[in-house]
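So the structure is just underneath, and the comments pick up after that.
Protein chains in written order, with our numbering: chain A, 1 to 547; chain B, 548 to 651.
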């Protein structure tokens, strides 16, 4: 009966805690003893979760982990491989398997590790896919997380970047795993409790605050006339056409341009109050003018944004905040909201192939997915109707018995990237043999062409959702692919036929006047304008301040 | 520096009265200016291109040919001064110059 399921894990946890109890005063461990703590708590074969995503990092714990020499056989699970210390874990041979989502900041280093046989990939996931597996077959034995503050009992305040911490802690704590938190400071009273002390085993006040990237700040000064033209086409051809109420935006300059046109061009078109009321986006500084002009009802976020703390606290009607006004985010629930609850996802990409598949992978660089695929896809489990969902559904599914609705999945790209690199290609770099073999034969496609309803470029708008055959879809893509090699293969007759059916639309078909496409139409010209719009409540990070 | 001229068939444009030219863009880094004036045969558009970024004549001609087919600008002489504009800017500047004639 010795092997029958009982409470082995709980007893194993108690043994781990007992080994290191002498290092702690209650739950508090001095930062000098961190490496000792990690070395004794973590066991070979453990599934170890190291918190780090595209914004906040448990960087002190990562650094101390990387300083260990004897650790082996670790199954690492983490959403983003971001820091040099993450790469060091592989170089030291600690990791027997890694399951992750995104590696762009270390994409080249990861590709090198892979080539050297030092990067044993389990799989590359989307965010919610990985978090979901934390509750199924990748449940951590030890989780290393980051919080803003702890009290002496071990309750944690996560600040604006609540993000995915609860989704790491919950499955770990409730399966008798060990939760170790680095915090910026230990205080008597927390603004709010995000993680109860009951779920936390050890707290370390790190010698420096955890790293946080201002990932979602786009300087309006860098938006081009072309991006203004594309934004005008988007507003008329998609946002107004489908009366989109709820949406998610990516982080590119094209969507920033749309946000900054709402109070000007959008107002001129009489769209205020009719579109763009409910958002699932981080607190984007470029949304300040639209919010101040009364366009936006609510914004829910997967993370925070550096510098937006005072603004979001003062606009608690719009944002989700604690009772003291402190910003709250939740990455898994935000992604779920972006999947099921919004009518439209608008994203960008580096490459689009002739089937409409897109990817941000380039040769010799492993980037992974992040969250875009969770939102840039058709939610087959959606049942609630909306005007936009039903209209897109009618266009895509004319037959009886088909799914009645369709989410708007919009890809906005310019036909060329910087340096005259064509965006449109016959075959994605993601299908390079070196990448395909690392992915066990599954190409790392960010958004599938089958899921995309609209492809918008500076040339025009293609309604891929209304195409009837794969050949028709390729012709529609070529029609808006400009003077790339893919675009040059279009046939004028095919383009004309698609235009006659409204599948391909050019600016004049949308009522857009190109002469109006000018940066002057943006509600803010630069970061300083955003500060003015916010009434001085937005505190831009220093790298964005040039005055 | 590269220079070339080419005419393409294009449906006649009815020039708005009182309008003798239109201009979009500026000659500046990664930008171009497009000047449209009356002056070609009624059923063709005549292009005169000067670019500081040689080697892309095929792409230019493809874009100008499409533009002439797609829009009615017969009778128009189009002068383009390009200082290495990104390809994505070119059609937009052409459309902007024409738009000023159609919606003065």
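Each residue gets a CB set at the ideal place from its N, CA and C atoms; glycine is no exception.
Residue range of the unbroken beta strand (DSSP E) whose run includes residue i
i                      : result
residue 74 of chain A  : 74–80
residue 584 of chain B : 578–585
residue 279 of chain A : 278–280
residue 623 of chain B : 623–630
residue 145 of chain A : 142–150
residue 554 of chain B : 549–556
residue 454 of chain A : 454–456
residue 312 of chain A : Unbroken run through residue 312 of chain A is the alpha helix (DSSP H), 309–314; no beta strand (DSSP E).
residue 203 of chain A : 202–205
residue 48 of chain A  : 47–50
Opening and closing residue of the alpha helix (DSSP H) in which residue i lies
i                      : result
residue 107 of chain A : 107–115
residue 257 of chain A : 253–261
residue 88 of chain A  : 84–91
residue 571 of chain B : It is not in any alpha helix (DSSP H) - residue 571 of chain B instead sits in the beta strand (DSSP E) that spans 569–572.
residue 249 of chain A : That residue, residue 249 of chain A, is in no alpha helix (DSSP H); its beta strand (DSSP E) goes 246–249.
residue 497 of chain A : 492–500
residue 130 of chain A : 127–134
residue 445 of chain A : From DSSP, residue 445 of chain A is part of no alpha helix (DSSP H); its letter is neither H nor E.
residue 486 of chain A : 485–488
Three-state class that DSSP yields for residue i in the structure shown
i                      : result
residue 542 of chain A : helix
residue 391 of chain A : helix
residue 397 of chain A : coil
residue 155 of chain A : coil
residue 374 of chain A : helix
residue 573 of chain A : The first residue shown for chain A is 1 and the last is 547, placing residue 573 of chain A beyond what the model contains.
residue 563 of chain B : coil
residue 56 of chain A  : strand
residue 528 of chain A : helix
residue 505 of chain A : strand
residue 551 of chain A : Chain A is shown only over 1 to 547; residue 551 of chain A falls outside these bounds and no answer can be derived.
residue 118 of chain A : coil
residue 588 of chain B : coil
residue 15 of chain A  : helix
residue 1 of chain A   : Annotation note: pLDDT 49 at residue 1 of chain A (below 50); position unreliable, no value reported.
residue 271 of chain A : coil
residue 417 of chain A : strand
residue 229 of chain A : helix
Bridge partner(s) assigned by DSSP for residue i
i                      : result
residue 102 of chain A : A:80 and A:368
residue 33 of chain A  : None, per the DSSP bridge assignment.
residue 185 of chain A : A:149
residue 362 of chain A : A:365
residue 598 of chain B : B:549 and B:629
residue 425 of chain A : A:353
residue 411 of chain A : A:347 and A:455
residue 300 of chain A : A:280
residue 463 of chain A : A:454
residue 123 of chain A : A:99
residue 179 of chain A : A:143
residue 321 of chain A : A:327
residue 548 of chain A : Any answer about residue 548 of chain A is impossible in this case: the structure gives chain A only from 1 up to 547.
Discussion item. Within 8 Å, do at least three Cβ pairs link the region 335–344 of chain A to the region 385–393 of chain A?
Written reply: yes
Practice prompt. Mind the definition here: the region 347–358 of chain A touches the region 283–293 of chain A only if three or more C-beta pairs lie below 8 Å; say whether that holds.
Written response: no
Item to complete: Please determine if the region 28–47 of chain A and the region 60–73 of chain A are in contact, where contact requires at least 3 C-beta pairs separated by less than 8 Å.
Response: yes
Worksheet item: Given a limit of 9 Å on CB to CB distance, which residues of the region 165–190 of chain A reach chain B?
Response: none
Discussion item. What are the residues in the region 576–607 of chain B lying within 7 Å of chain A by C-beta distance?
Written reply: 606
Fill in: contact_flag[the region 612–632 of chain B, the region 189–208 of chain A] where n(CB pairs < 8 Å) is 3 or more
no
Practice prompt. Take every Cβ of the region 363–378 of chain A, pair it with every Cβ of the region 107–126 of chain A, and state whether three or more of those distances are shorter than 8 Å.
Written response: yes
Discussion item. Please list, in chain order, the residues of the region 493–517 of chain A that have any C-beta partner in chain B closer than 7 Å.
Written reply: 507, 513, 514, 515 and 517
Worksheet item: Mind listing which residues of the region 618–650 of chain B have their C-beta closer than 7 Å to chain A's C-betas, in chain order?
Response: 633, 634, 635, 636, 638, 639, 642, 643, 646, 647 and 650
Item to complete: Spell out a yes or no on whether the region 627–643 of chain B and the region 222–231 of chain A are touching, meaning 3 or more CB-CB pairs, one atom from each, closer than 8 Å.
Response: yes
Discussion item. Check whether the region 130–150 of chain A and the region 291–311 of chain A touch, using three or more Cβ-Cβ pairs below 8 Å as the test.
Written reply: no
Worksheet item: Just checking, does the region 451–459 of chain A make contact with the region 403–412 of chain A on the three C-beta pairs under 8 Å criterion?
Response: yes
Worksheet item: Using a beta-carbon distance cut-off of less than 7 Å, what residues from the region 401–423 of chain A approach chain B?
Response: 414, 415, 416 and 420
Worksheet item: Quick one: any contact between the region 98–105 of chain A and the region 76–84 of chain A, if contact means 3 or more CB pairs under 8 Å?
Response: yes
Discussion item. Does the structure place the region 483–500 of chain A close enough to the region 413–428 of chain A that three or more beta carbon pairs sit under 8 Å?
Written reply: yes
Discussion item. Please identify, using Cβ separations under 7 Å, the residues of the region 260–292 of chain A that lie next to chain B, in order along the chain.
Written reply: none
Discussion item. Can you confirm whether the region 182–194 of chain A touches the region 5–22 of chain A when touching is taken to mean that 3 or more C-beta pairs between the two stretches lie within less than 8 Å?
Written reply: no
Discussion item. For the structure I just gave you, are there three or more beta carbon pairs, one from the region 604–614 of chain B and one from the region 580–590 of chain B, closer than 8 Å?
Written reply: no
Practice prompt. Please list the residues of the region 58–73 of chain A that have a C-beta atom closer than 8 Å to any C-beta atom in chain B, keeping them in chain order.
Written response: none
Discussion item. With three or more C-beta pairs closer than 8 Å as the rule, is the region 621–632 of chain B touching the region 591–603 of chain B?
Written reply: yes
Worksheet item: Is the region 238–247 of chain A in contact with the region 81–91 of chain A, if contact means three or more CB pairs nearer than 8 Å?
Response: no
Practice prompt. Check distances from the C-beta atoms of the region 226–244 of chain A to those of chain B and list, in chain order, the residues that come in under 7 Å.
Written response: 226 and 229
Worksheet item: At a cut of 8 Å, does the region 279–286 of chain A reach the region 507–515 of chain A through at least three beta carbon pairs?
Response: no
Worksheet item: the region 443–462 of chain A: which residues have C-beta closer than 7 Å to a C-beta of chain B, in chain order?
Response: 458 and 459
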